[in-house]
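Engineer: Provided herewith is a single structure, encoded as structure tokens, for subsequent inquiry.
2 protein chains.
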Amino acid sequence: MNPNIQAANEEALKRINEGMPVLVDIKFAHEVLPGMRKNIIGHSGPPIDWEDMCGPMKGAIVGVIKYEGLAENDEEAVKLVEEGGVEFVSNHSMGAVGPMTGMISYSMPLYEVKNETFGNYAYSTFNEGLGKVMRFGANNEEVLERLRFMETSLAPALKKALTHTGPLNIRVLMSEALAMGDEMHQRNIAASLLFGKTVLPAISRVVEDVEERFRITSFITDNKQFFLNLCMAAGKAMMDPVKNIEGSTVVTAMSRNGTNFGIKVSGLGDEWFEAPVNMPKGLYFPGYSESDANPDMGDSTIVETIGLGGFTMGAAPAVVRFVGAASVEAALNYSRDMMEITVGQSPSLLMPTMNFEGAPTGIDIRKVVETGILPVINTGMAHKEPGIGQIGAGIVEAPLECFIKAVLRYSEVYNI
Amino acid sequence: MNPNIQAANEEALKRINEGMPVLVDIKFAHEVLPGMRKNIIGHSGPPIDWEDMCGPMKGAIVGVIKYEGLAENDEEAVKLVEEGGVEFVSNHSMGAVGPMTGMISYSMPLYEVKNETFGNYAYSTFNEGLGKVMRFGANNEEVLERLRFMETSLAPALKKALTHTGPLNIRVLMSEALAMGDEMHQRNIAASLLFGKTVLPAISRVVEDVEERFRITSFITDNKQFFLNLCMAAGKAMMDPVKNIEGSTVVTAMSRNGTNFGIKVSGLGDEWFEAPVNMPKGLYFPGYSESDANPDMGDSTIVETIGLGGFTMGAAPAVVRFVGAASVEAALNYSRDMMEITVGQSPSLLMPTMNFEGAPTGIDIRKVVETGILPVINTGMAHKEPGIGQIGAGIVEAPLECFIKAVLRYSEVYNI
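Protein chains in written order, with our numbering: chain A, 131 to 546; chain B, 131 to 546.
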């Protein structure tokens with residue numbers, strides 16, 4: 131093994147494991163995201179043009195345009211896009227992440243997560259809940275009303291609550307949730323309740339109107355995926371300091387726009403290495419089947435990049451029946467396999483079910499290519515048509531081609 | 131195997147597994163417990179006289195007497211007891227249960243749990259939190275103030291909240307919590323948060339005063355053992371219909387008063403079979419050791435009687451480090467061992483960590499005596515002196531002697 135690569139990757143692992151993501155504030159996208167304007171829309175995955183976007187991504191964009199008041203209806207929204215009136219930006223390039231379609235626009239409230247160790251910030255939207263929601267491509271009035279509630283009611287309440295609770299250490303929350311059977315991609319029930327546990331007493335104090343207080347409290351307690359977006363922002367905050375370590379072959383981002391899967395590699399700067407995204411295998415909600423499903427999508431794979439999600443499936447035996455894994459043993463084997471393609475393990479994100487072993491951490495592109503073991507991802511599945519929403523959950527692998535492309539570029543850049 | 135015994139035990143298992151405990155209301159002890167008066171004190175375990183009670187039980191009783199206004203201070207309280215001014219009653223005989231010292235008195239609010247399948251009711255107090263609390267023998271003003279808060283603030287709020295939420299199915303909650311790594315005796319963090327999830331939205335609505343609302347919300351969210359007492363009431367409601375099945379060798383209650391451990395057996399009516407209680411082995415809070423500890427205590431072993439606690443330790447790998455089990459494998463082995471001494475398994479209380487096997491259910495006194503495998507219990511440890519409180523948590527076995535005595539009586543009664 132090339133000793134420079136080893137040292138570089140150990141530095142990468144050290145930075146991941148030393149990262150201390152803390153929820154410090156709630157901000158609006160227009161306050162914090164670089165270059166954000168009314169007609170800019172952030173999306174998940176590598177950059178992509180309107181023509182190449184999948185159905186749910188287009189559906190969500192139509193919804194965002196209506197939410198921002200740039201169009202009155204779907205037809206006007208599409209027209210605006212086709213006339214070039216809207217600019218699309220990859221969330222990652224703005225220091226942000228969003229699940230599935232990953233929509234981030236001017237008026238949306240965001241979690242502000244600071245990596246206390248390195249001083250950097252990352253952002254994500256709030257989770258809307260399951261079913262007919264914008265991140266799965268739905269865009270009707272119910273979806274928009276919920277976004278307005280999040281903007282005008284939930285966000286100010288959480289912001290005020292944080293002034294009572296103080297900053298929330300997300301790594302501690304992740305660690306507790308792993309001990310409660312969450313892998314934090316498709317199972318966030320414990321993490322969401324732990325988040326509720328920390329903010330609800332403050333919410334009980336700071337929201338004066340009784341019906342508003344009830345809606346906010348219910349919104350947080352009823353959403354088993356509420357924590358996902360916060361976990362993603364924490365993941366982004368943990369991975370950004372790992373960028374640009376000379377010689378490192380560690381993956382700093384994995385993300386999908388519903389058409390392509392992209393990865394970034396520490397020693398290779400900001401370049402995306404892309405390949406067509408795979409179709410998840412999993413379980414469908416009643417009335418839907420694989421023929422309805424859109425391929426894999428979203429920035430949420432940042433959680434696998436830090437060692438959660440599919441990588442800690444062994445810690446989450448109950449997720450097996452939600453994502454359609456073969457058995458609990460299969461879940462344990464996924465985690466064991468991921469140890470084959472990672473630099474090391476987390477000293478704090480432990481899996482009690484696996485004798486308190488640490489989560490497999492720091493994906494090494496060389497190991498992926500050498501072993502043929504692909505990063506495993508627990509994911510939600512969207513309907514392929516715009517406007518419908520979530521239809522299931524499953525398991526998907528990152529495409530090998532991304533890793534091969536990255537290894538080839540690495541050989542060029544480092545001349546080996 | 132005697133076929134009558136087998137049929138009787140299958141009926142017992144069926145009744146346990148069909149039991150559907152539902153939290154229906156909050157009531158005061160004086161409203162619902164038979165014969166309750168101001169100078170009656172309910173305690174955990176089989177009946178016991180003042181002279182034979184352990185330190186923490188005496189400490190708690192002094193506290194209750196002050197709480198009920200029967201004495202101004204500790205000396206007056208002890209004098210009242212010694213003059214025969216107080217009557218002690220085993221909680222089980224009133225259809226109720228309480229953890230550790232298990233104090234239940236006239237003014238205390240109780241969970242009212244109904245077994246929807248059989249129509250019977252059971253009761254337990256609310257959990258006070260950890261540390262210096264009455265159930266561990268503490269009795270100072272801080273303890274009494276908390277009891278008054280529970281009586282005058284928490285109880286009316288929960289009662290009102292239940293009118294909004296409707297009855298809460300406790301079996302469903304138990305099942306979800308098992309999938310989140312609780313065994314529901316020493317680890318109740320998930321179950322407590324799931325309970326909070328159901329009641330906190332209603333609490334946010336029904337409590338008008340902002341500081342009262344904050345205290346109630348914090349009290350529920352801050353207490354990782356909040357669910358324990360509710361689980362115990364559910365256990366009592368599930369086991370009472372199993373009593374008095376002709377010929378059944380299934381244990382219907384296990385309980386300890388800090389001096390003796392007692393069991394009841396279905397085919398043997400209401401008789402307690404007692405033996406001196408064991409000392410738990412476990413982990414002590416900083417500053418304490420085994421020489422400070424009181425032997426095992428409380429009605430909480432009702433949760434093992436229904437198949438939770440030590441019996442489902444395999445579902446709760448994270449409890450291992452709290453109770454001082456040797457390893458995760460040891461926890462799995464405890465659950466496997468308990469399958470050797472039970473009639474069957476639960477169809478709904480599943481252990482995802484053990485490939486979704488059902489909890490070992492229905493302790494058979496014959497199997498305990500034949501195999502020598504003793505029911506394993508996860509327990510809290512109280513300081514042996516009155517007035518101090520919890521000093522640790524650990525694992526303890528039920529004493530074999532209780533089971534031998536019960537088997538001998540069974541032979542007499544059934545003439546075999």
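Every residue gets a Cβ at the ideal spot worked out from N, C-alpha and C, and that includes glycine.
#1: Between which two residues does the beta strand (DSSP E) carrying Phe391/A extend?
#2: May I ask you to report which of helix, strand or coil DSSP gives Gln136/A?
#3: Note down, in chain order, every chain B residue with its Cβ under 8 Å from the Cβ of Leu324/A.
#4: State buried or exposed for Ile153/A, treating a residue as buried only when at least 16 other CB atoms are found within 10 Å of its CB.
#5: Mind checking if Gly444/B is an interface residue toward chain A, Cβ cutoff 8 Å exclusive?
#6: What are the complete alpha helix (DSSP H) segments, minimum 4 residues, inside the region 163-205 of chain A?
#7: Strictly below 9 Å CB to CB, what residues from chain B border Phe158/A?
#8: Under 8 Å between C-beta atoms, does Lys457/B make it to chain A?
#9: When you compare each of Leu324/A, Val381/A, Val337/A and Ile518/A to Phe357/A by their alpha carbons, which one comes out closest?
#10: Whole angstroms are fine: how far does the CA of Asn269/A sit from the CA of Val192/A?
#11: Going residue by residue through the region 320-393 of chain B, where are the continuous alpha helix (DSSP H) segments of at least 4 residues, counting only ones entirely within it?
#12: Whole-angstrom Cβ separation of Ala252/A and Ala138/A, contact assumed at under 8 Å?
#13: In the DSSP assignment, find the alpha helix (DSSP H) that holds Lys157/A and state where it starts and stops.
#14: Below 8 Å on the Cβ atoms is my contact criterion, and I expect Phe403/A with Ala528/A to pass it. Report the Cβ-Cβ distance as a whole number of Å.
#15: With DSSP as the reference, identify every bridge partner of Lys244/B, one or two as the case may be.
#16: How would you label Val340/B, buried or exposed, when you count the other beta carbons within 10 angstroms and need 16 or more for buried?
#17: If we ignore side chains and look at the alpha-carbon of each, how far apart do Cys532/B and Leu504/A end up?
#18: Can you tell me whether Leu438/B is buried or exposed? The criterion is at least 16 other CB atoms within 10 Å of its CB, across all chains shown.
#19: Which residues, in order along the region 339-356 of chain A, keep a beta-carbon less than 7 Å from a beta-carbon of chain B?
#20: What would DSSP say about Thr509/B, mapped onto helix, strand or coil?
#21: Am I right that Gly311/A and Ala445/A are in contact with their C-beta atoms under 8 Å? What's the rounded C-beta distance?
#22: Does the beta carbon of Pro482/B sit closer than 8 Å to a beta carbon anywhere in chain A?
#23: So, helix, strand or coil for Lys411/A, using DSSP?
#24: Which chain A residues are close to Ser334/B, counting only those with a beta carbon under 9 Å from its beta carbon?
#25: Give a yes or no on whether the minimum CB-CB distance between Ala448/B and chain A is below 8 Å.
#26: For a cutoff of 8 Å on Cβ pairs, would you count Ala309/A as touching chain B?
#27: Exposed or buried, what is Asp182/B when buried is set at 16 or more other beta-carbons lying within 10 Å of its beta-carbon?
#28: Hey, how far is the Cα of Gly214/B from the Cα of Trp180/B?
#29: Taking a contact to mean a Cβ-Cβ separation below 8 Å, would you say Thr382/A touches Arg496/A in this structure?
#30: Measuring alpha carbon to alpha carbon, tell me which of Val450/B, Pro447/B and Asp426/B ends up nearest Met230/B.
#31: Quick check on Gly363/A - is its C-beta less than 8 Å from some C-beta in chain B?
#32: CB of Glu531/B to nearest heavy atom of the ligand SAM: below 7 Å?
#33: With a threshold of 8 Å between beta carbons, is Lys327/B in contact with chain A?
#34: For a contact defined as C-beta to C-beta under 7 Å, what are the partners of Ala320/A on chain B?
#35: Could you give the distance in angstroms between the alpha-carbon of Val273/A and the alpha-carbon of Lys157/A?
#36: Does the beta carbon of Asn485/B come closer than 8 Å to any beta carbon on chain A?
Structural biologist: Working from what's here:
#1: Within the first sequence, the letter at position 261 stands for residue 391/A. Note, Phe391/A: beta strand (DSSP E), Asn390 to Val395.
#2: For the purposes of this step, residue 136/A is taken as the residue at position 6 of the first sequence. In the structure shown, Gln136/A sits in a helix (DSSP, three-state: H, G or I).
#3: Your numbering for residue 324/A matches position 194 in the first sequence. Neighbours of Leu324/A across chain B, judged by C-beta separation under 8 Å: Leu323.
#4: As a position in the first sequence, residue 153/A is number 23, starting the count at 1. In the sequence as displayed, the identity of residue 153/A is Leu instead of Ile. Under this definition Leu153/A is a buried residue.
#5: Counting from one through the second sequence, the residue named residue 444/B turns up at place 314. Judged by the 8 Å Cβ criterion, Gly444/B is not in contact with chain A.
#6: Runs of the alpha helix (DSSP H) inside the region 163-205 of chain A: 185-197.
#7: Counting from one through the first sequence, the residue named residue 158/A turns up at place 28. In chain order: nothing, as chain B lies at least about 25 Å away.
#8: As a position in the second sequence, residue 457/B is number 327, starting the count at 1. A small correction: the amino acid at residue 457/B is Ser; Lys does not occupy that position in the sequence shown. Interface residue, yes.
#9: As a working mapping, residue 357/A is identified with position 227 in the first sequence. Sorting Leu324/A, Val381/A, Val337/A and Ile518/A by C-alpha distance to the C-alpha of Phe357/A places Leu324/A at the top.
#10: Residue 192/A sits at position 62 when you count from the first residue of the first sequence. Residue 269/A sits at position 139 when you count from the first residue of the first sequence. If you take the alpha carbons of Val192/A and Asn269/A, they lie about 7 Å apart.
#11: If you keep only unbroken alpha helix (DSSP H) runs of at least 4 residues inside the region 320-393 of chain B, you get 340-352 and 358-369.
#12: The residue you call residue 252/A lines up with position 122 of the first sequence. The residue you call residue 138/A lines up with position 8 of the first sequence. Not confirmed; about 23 Å, so no contact.
#13: Translated into the one-based positions of the first sequence, residue 157/A becomes position 27. Element bounds for Lys157/A: not the alpha helix (DSSP H) but the beta strand (DSSP E), Pro151 to Phe158.
#14: For this step, residue 403/A is matched to residue 273 along the first sequence. For this step, residue 528/A is matched to residue 398 along the first sequence. In fact, because the Cβ distance is near 11 Å, the residues do not count as touching under 8 Å.
#15: Looking up residue 244/B in the second sequence gives position 114. Beta-bridge pairing links Lys244/B to Val152/B and Tyr251/B.
#16: To locate residue 340/B, count along the second sequence from 1; it is residue 210. Exposed, by the Cβ-count rule.
#17: As a working note, residue 532/B is residue 402 in the second sequence. As a working note, residue 504/A is residue 374 in the first sequence. Those two C-alpha atoms are separated by around 56 Å.
#18: Along the second sequence, read from residue 1 onward, the residue named residue 438/B stands at position 308. When all chains shown are included, Leu438/B counts as buried.
#19: So the close ones are Val340, Arg343, Phe344, Thr347, Ser348 and Thr351.
#20: The count along the second sequence starts at 1 and reaches residue 509/B at position 379. Look at Thr509/B here: in three-state DSSP terms it is strand.
#21: Numbered from 1 along the first sequence, position 181 holds the residue referred to as residue 311/A. Numbered from 1 along the first sequence, position 315 holds the residue referred to as residue 445/A. That belief holds up - the Cβ atoms of Gly311/A and Ala445/A are roughly 7 Å apart, short of 8 Å.
#22: What you label residue 482/B is simply residue 352 of the second sequence in a count that begins at 1. When Cβ-Cβ separations below 8 Å define contact, Pro482/B makes contact with chain A.
#23: In the first sequence, residue 411/A corresponds to position 281, counting from 1. When DSSP states are grouped into helix, strand and coil, Lys411/A belongs to the strand group.
#24: Residue 334/B sits at position 204 when you count from the first residue of the second sequence. Neighbours of Ser334/B on chain A, chain order: Leu330, Ile333, Ser334, Val337, Val340, Arg343, Phe344, Ile346, Thr347 and Ser348.
#25: One-based indexing of the second sequence puts residue 448/B at position 318. Yes, because at least one Cβ of chain A sits closer than 8 Å to the Cβ of Ala448/B.
#26: Translated into positions along the first sequence, residue 309/A becomes position 179. Closer than 8 Å: yes.
#27: Within the second sequence, the letter at position 52 stands for residue 182/B. With fewer than 16 Cβ atoms within 10 Å of its Cβ, Asp182/B is classed as exposed.
#28: Your numbering for residue 214/B matches position 84 in the second sequence. Your numbering for residue 180/B matches position 50 in the second sequence. If you take the alpha carbons of Gly214/B and Trp180/B, they lie about 10 Å apart.
#29: Residue numbering aside, residue 382/A sits at position 252 when the first sequence is read from its first letter. Residue numbering aside, residue 496/A sits at position 366 when the first sequence is read from its first letter. No, the Cβ-Cβ distance between Thr382/A and Arg496/A is not below 8 Å.
#30: Mapped onto the second sequence, residue 230/B falls at position 100. Answer by Cα proximity: Asp426/B.
#31: Numbered from its first residue, the first sequence carries residue 363/A at position 233. Reading off the sequence, residue 363/A comes out as Ala, not Gly. With 8 Å as the cut-off, Ala363/A does not count as an interface residue toward chain B.
#32: In terms of ligand content, the structure shown is empty, and the ligand SAM therefore cannot be addressed.
#33: Taking the second sequence and counting its residues from 1, the one referred to as residue 327/B is at position 197. At a cut-off of 8 Å, the C-beta of Lys327/B has a neighbouring C-beta in chain A.
#34: Indexing the first sequence from 1 puts residue 320/A at position 190. Chain B residues near Ala320/A: Met310 and Ala320.
#35: For the purposes of this step, residue 273/A is taken as residue 143 along the first sequence, with counting starting at 1. For the purposes of this step, residue 157/A is taken as residue 27 along the first sequence, with counting starting at 1. Cα-Cα distance, rounded: 21 Å.
#36: Position 355 of the second sequence, counting from 1, holds the residue named residue 485/B. It does; some Cβ of chain A falls within 8 Å.
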